[in-house]
Amino acid sequence: GENVEQHPSTLSVQEGDSAVIKCTYSDSASNYFPWYKQELGKRPQLIIDIRSNVGEKKDQRIAVTLNKTAKHFSLHITETQPEDSAVYFCAASSTGRRALTFGSGTRLQVQP
Amino acid sequence: NAGVTQTPKFQVLKTGQSMTLQCAQDMNHNSMYWYRQDPGMGLRLIYYSASEGTTDKGEVPNGYNVSRLNKREFSLRLESAAPSQTSVYFCASIGDWHSGNTIYFGEGSWLTVV
Numbered sequence: 280g281e282n283v284e285q286h287p288s289t290l291s292v293q294e295g296d297s298a299v300i301k302c303t304y305s306d307s308a309s310n311y312f313p314w315y316k317q318e319l320g321k322r323p324q325l326i327i328d329i330r331s332n333v334g335e336k337k338d339q340r341i342a343v344t345l346n347k348t349a350k351h352f353s354l355h356i357t358e359t360q361p362e363d364s365a366v367y368f369c370a371a372s373s374t375g376r377r378a379l380t381f382g383s384g385t386r387l388q389v390q391p
Numbered sequence: 016n017a018g019v020t021q022t023p024k025f026q027v028l029k030t031g032q033s034m035t036l037q038c039a040q041d042m043n044h045n046s047m048y049w050y051r052q053d054p055g056m057g058l059r060l061i062y063y064s065a066s067e068g069t070t071d072k073g074e075v076p077n078g079y080n081v082s083r084l085n086k087r088e089f090s091l092r093l094e095s096a097a098p099s100q101t102s103v104y105f106c107a108s109i110g111d112w113h114s115g116n117t118i119y120f121g122e123g124s125w126l127t128v129v
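Protein sequence lines, in the order shown, are assigned to chains Z and S.
Yeah, the first sequence ends on 391 if you go by our numbering, and it's all consecutive.
Yeah, the second sequence ends on 129 if you go by our numbering, and it's all consecutive.
Laid out in structure tokens, this is it:
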């Protein structure tokens, strides 16, 4: 089955700096890669996703890049703010598998 | 429009007791899922139902059973609870994998087995 690895497990940045979280996946059939933000005690919330027919997608301060050849994708957050502090999860799935496999999460702390 | 609704939100069980977590969605979604999340870890798939009348095992199905009662409801049953099943359980649903839909999660159910 699919295996998703996520790095780093913790990330501390100063307010205004950029943050980058990286994930690799194992199943070459995977074609959908969402990123979720989870605040303490809350449900995961989708923040951005990308499908395998594009290499990059942006939404304001958040961007995701995908390298299908290397089987890795990354989340980029620019101009970080204290409210960006949370745990971020990457995930991967394929049309055939129809279920998300999650990475182990990155705890992002933005220092004011 | 409530989205995905899970009950109960909190539950404490004794080892060996049984219980059922209920999940319902009002978005007419085809696929439904049960995940568990242990402290400091990602979500792991327990069981899923790609469509009404079908269920399939995920990564960690041992100790659990599921029922897709109808298109709206997907329940998770612990027949004989064990401390290793202490976790947060999330139900989720999605309409159609092909059409760019998003997976929606319920608010979670915190289960403690003592």
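Don't be surprised by glycine CBs; every beta carbon is placed ideally from N, CA and C.
These figures come from a predicted structure and were not determined experimentally.
query: Quick one: give me the first and last residue of the beta strand (DSSP E) that S331/Z is part of.; result: Per DSSP, S331/Z belongs to no beta strand (DSSP E) and is neither H nor E.
query: What first and last residue would you give for the beta strand (DSSP E) that runs through K316/Z?; result: 311 to 317
query: Taking the straight line between their C-alpha atoms, what separation do you get for D363/Z and L387/Z?; result: 8 Å
query: Going along the chain, which residues of its own chain have a beta-carbon closer than 6 Å to the beta-carbon of H286/Z, five neighbours each way excluded?; result: K301
query: Between the beta-carbon of E284/Z and the beta-carbon of T303/Z, is there less than 8 Å?; result: yes
query: Using the beta-carbon count (16 or more within 10 Å), is Q21/S buried or exposed?; result: buried
query: DSSP three-state call for D71/S: helix, strand or coil?; result: strand
query: Which term fits N310/Z, buried or exposed, when burial requires 16 or more other beta carbons within 10 angstroms of its beta carbon?; result: buried
query: Spell out whether any CB of chain S is found under 8 Å from the CB atom of A308/Z.; result: no
query: Classify Q21/S as helix, strand or coil using the three-state DSSP reduction.; result: strand
query: When you measure from the CB of E122/S to every non-hydrogen atom of the ligand MG, does any distance come out below 7 Å?; result: Questions concerning the ligand MG fall outside what the structure shown contains, since it holds no ligand whatsoever.
query: If you drop the 5 nearest sequence neighbours on each side, which residues of the same chain put their C-beta closer than 7 Å to that of G68/S?; result: R83
query: Using a Cβ-Cβ cut-off of 6 Å (strictly less than) and excluding sequence neighbours within five positions of Q52/S, which residues of its own chain qualify?; result: L58, V103
query: A342/Z CB to nearest chain S CB: under 8 Å?; result: no
query: Within the continuous beta strand (DSSP E) that includes I341/Z, where are the two ends?; result: 341 to 346
query: Taking all protein chains shown into account, do 16 or more other C-beta atoms lie within 10 angstroms of the C-beta of V129/S, making it buried, or fewer, making it exposed?; result: exposed
query: Measure from the C-beta of E67/S to each C-beta in chain Z and report whether the shortest distance is under 8 Å.; result: no
query: Quick one, which of G31/S, M56/S, Y50/S, D111/S has its alpha-carbon nearest L91/S's?; result: Y50/S
query: Would a check of beta-carbon distances place F352/Z closer than 8 Å to chain S?; result: no
query: In three-state DSSP terms, what is D53/S?; result: coil
query: Identify each residue in the segment 318 to 335 of chain Z for which the Cβ-Cβ distance to at least one residue of chain S is less than 7 Å, and report them in chain order.; result: R322, P323, L325
query: Is E281/Z helix, strand or coil by DSSP?; result: coil
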